[in-house]
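Before any comments, here is the structure.
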Amino acid sequence: MFRGKFKHTLDEKGRFSLPAKFREVLRVKYGSENLVVTNYPDCLVAYPLEEWQKIENKLLSLPWDIPEVRQYVRYFLGAAEEYQPDKQGRILLSQSLREEIKLEREVILLGMLTHFEIWNPKYLESKFKETKENFSKVMQIINPYLTGVKNLSP
6 MFRGKFKHTL DEKGRFSLPA KFREVLRVKY GSENLVVTNY PDCLVAYPLE
56 EWQKIENKLL SLPWDIPEVR QYVRYFLGAA EEYQPDKQGR ILLSQSLREE
106 IKLEREVILL GMLTHFEIWN PKYLESKFKE TKENFSKVMQ IINPYLTGVK
156 NLSP
């Protein structure tokens with residue numbers, strides 16, 4: 006599983022190094038270091054091919070006659086690019102993906118269990134601040150899923 010927060014620097018070509026822990030997860034759990042990277046509104050997301058195929062299968066089952074479904078798929082799938090790290094474990098992100106979230110020199114890789122996110126540090130810092138300020142509210146929403154106790158009447 007992908008866990009942890011790692012700070013990296015993009016080189017002049019737009020490459021960053023995958024953390025050794027992430028490379029190990031890719032090799033051991035997935036048997037390949039290949040990734041599919043796409044965008045969310047605030048960050049990029051990187052999926053091992055096996056996890057990406059699960060997403061594609063779910064996308065195929067969506068009701069394509071709903072405009073919002075097509076809109077989501079267009080945004081999420083349209084930006085997807087497949088990557089294979091070089092021998093040094095570096096990923097060369099396309100210019101379009103770097104521009105999407107305004108990546109400059111610094112990037113933060115954030116493990117999210119089955120995938121990891123790639124953040125502009127400024128954006129991630131503001132998201133963490135927002136989460137910290139609203140932590141009680143967030144926990145009220147999340148706690149029923151964590152405890153398995155949902156829809157309790159007062």
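Numbering (the working numbering), first residue to last: 6 to 159.
Cβ atoms here follow ideal geometry from the backbone N, Cα and C, with glycine treated the same way.
Sub-7 Å separation of residue i and residue j beta-carbons
| i | j | result |
| --- | --- | --- |
| Ile147 | Leu129 | no |
| Ser22 | Gly94 | yes |
| Glu55 | Tyr80 | no |
| Leu98 | Gly153 | no |
| Phe7 | Val30 | yes |
| Pro126 | Glu104 | no |
| Asn39 | Gln100 | no |
Cβ-based burial, residue i [other Cβ within 10 Å; buried from 16]
| i | result |
| --- | --- |
| Val143 | exposed |
| Leu108 | buried |
| Trp57 | buried |
| Leu151 | exposed |
| Pro149 | exposed |
| Leu15 | buried |
For residue j and residue i, the rounded distance between their alpha carbons
| i | j | result |
| --- | --- | --- |
| Leu49 | Val42 | 7 Å |
| Phe140 | Asn44 | 25 Å |
| His120 | Lys26 | 13 Å |
| Lys63 | Gly83 | 16 Å |
| Ser131 | Leu67 | 33 Å |
| Phe11 | Ala85 | 22 Å |
| Tyr77 | Asp70 | 12 Å |
| Glu138 | Leu115 | 20 Å |
| Ala51 | Glu17 | 21 Å |
| Val74 | Glu61 | 13 Å |
N-terminal and C-terminal residue of the alpha helix (DSSP H) that residue i is part of
| i | result |
| --- | --- |
| Trp57 | 54–65 |
| Ile146 | 140–152 |
Reduced DSSP category for residue i - H, G, I as helix; E, B as strand; rest coil
| i | result |
| --- | --- |
| Arg20 | strand |
| Arg95 | strand |
| Gly116 | strand |
| Lys107 | coil |
| Glu87 | strand |
| Leu49 | strand |
Residue range of the beta strand (DSSP E) that includes residue i
| i | result |
| --- | --- |
| Lys34 | Premise fails: Lys34 is in no beta strand (DSSP E) and is neither H nor E. |
| Asn44 | 40–44 |
| Pro124 | The sequence shown places Trp at residue 124, not Pro. Residues 121–124. |
| Phe11 | 10–14 |
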